[in-house]
Amino acid sequence: MLEVSQLIAGYGRLTALKGIDLNVVQGETVFVVGPNGAGKSTLLKTISGLLKPSSGQIRFRDVSLQGKTPEQICRSGLCLIPEGRHIFKSLTVAENLRVGLLVRRDAKDAQHSDLETALDTFPILRKRYHGIAGYLSGGEQQQLAIARAILQQPALLMIDEPSLGLAPLVIDQVYANLKRLNQSGLSLLIVEQSTGRIMDLASRIYVLRNGNIVLHGTPAELSGGGELDEAYFGFTNNAT
1 MLEVSQLIAG
11 YGRLTALKGI
21 DLNVVQGETV
31 FVVGPNGAGK
41 STLLKTISGL
51 LKPSSGQIRF
61 RDVSLQGKTP
71 EQICRSGLCL
81 IPEGRHIFKS
91 LTVAENLRVG
101 LLVRRDAKDA
111 QHSDLETALD
121 TFPILRKRYH
131 GIAGYLSGGE
141 QQQLAIARAI
151 LQQPALLMID
161 EPSLGLAPLV
171 IDQVYANLKR
181 LNQSGLSLLI
191 VEQSTGRIMD
201 LASRIYVLRN
211 GNIVLHGTPA
221 ELSGGGELDE
231 AYFGFTNNAT
């Protein structure tokens, strides 16, 4: 579905991604984890067209994304929720959700049906429908960002740190919603700094450190032996 090959990208003379190879198969939930400054957000920005790569290939549904604008990439079914959620805080919840429908060209009846489905999936948004989005809690804003994104009808949704700044109970709720969306057929590529809650949701995990993929595998392959922590923190466990 998504194929990233030998991707190099950065900012000026700073190379943030140093030859990344990554793929997402349809129906998967793939996590990219790593410490601050590893290049995680840069990876999503480059895939989504917000940052032009220096070299490498990005293909989505067997079509190259080279030269495509972020809007064209989103219309193709590959959408991004950036870090910080980026909702329109001065607008109502309803107005924010309608922004998600702007890229669509299908019938209004279909759009209304999908809006109702989104409100059923995130019932707090129905309750806050006419309220100002800036007054929502952090968890409610994250739900709004996800609902707005799925109204764009993505086949693959990329999310940059959905748990950022949220209380543990709220993180559990967000992850439960993501699991339901994945079970409904939506593929997910999620960046997180913490590995604490990802094992139950992840199909596969990539560890990104200093712009390089240093480890990759399924939760079963990476759990229990300390390999994930070693790759994440960059040390070797020599304890006997």
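Everything in the sequence shown is counted per the working numbering, starting at 1 for the first residue and increasing by one. Using N, Cα and C, we set each Cβ at its ideal position, and we do this for glycine too.
Next item on the list: Just mark D160 as buried or exposed, buried being the case when its beta carbon has 16 or more other beta carbons within 10 Å.
Entry: buried
Item checked: alpha helix (DSSP H) segment containing F31, residue limits -> Not the alpha helix (DSSP H): F31 falls in the beta strand (DSSP E), residues T29 to V33.
Notebook entry, point to check: Do you know how far the Cα of L188 is from the Cα of A145?
Noted result: 14 Å
Next item on the list: Measure the alpha-carbon distance for G49 versus V30 and round it to whole angstroms.
Entry: 19 Å
Notebook entry, point to check: Got a sec? Which residues, its chain only, sit under 6 Å from L7 by beta carbon, not counting five neighbours each side?
Noted result: L17, I20, P53 and G56
Next item on the list: Alpha carbon to alpha carbon, how far is K127 from A9? Give it in angstroms, no decimals.
Entry: 42 Å
Note to self: Which of the three DSSP states is assigned to N135 in this structure?
What the structure shows: Sequence inspection shows Tyr at residue 135; the Asn mentioned does not correspond to that position. Residue state, collapsed to three classes: helix.
Next item on the list: Please check the pair V93 and G131, which I expect to be a contact at CB under 8 Å, by giving their CB distance rounded to whole angstroms.
Entry: 6 Å
Note to self: Is the separation between the beta-carbon of M158 and that of L80 shorter than 8 Å?
What the structure shows: yes
Next item on the list: Could you give the DSSP three-state label for N182: helix, strand or coil?
Entry: helix
Checklist line | Expected contact under 8 Å - CB spacing of E28 and S203 to nearest Å | finding: 4 Å
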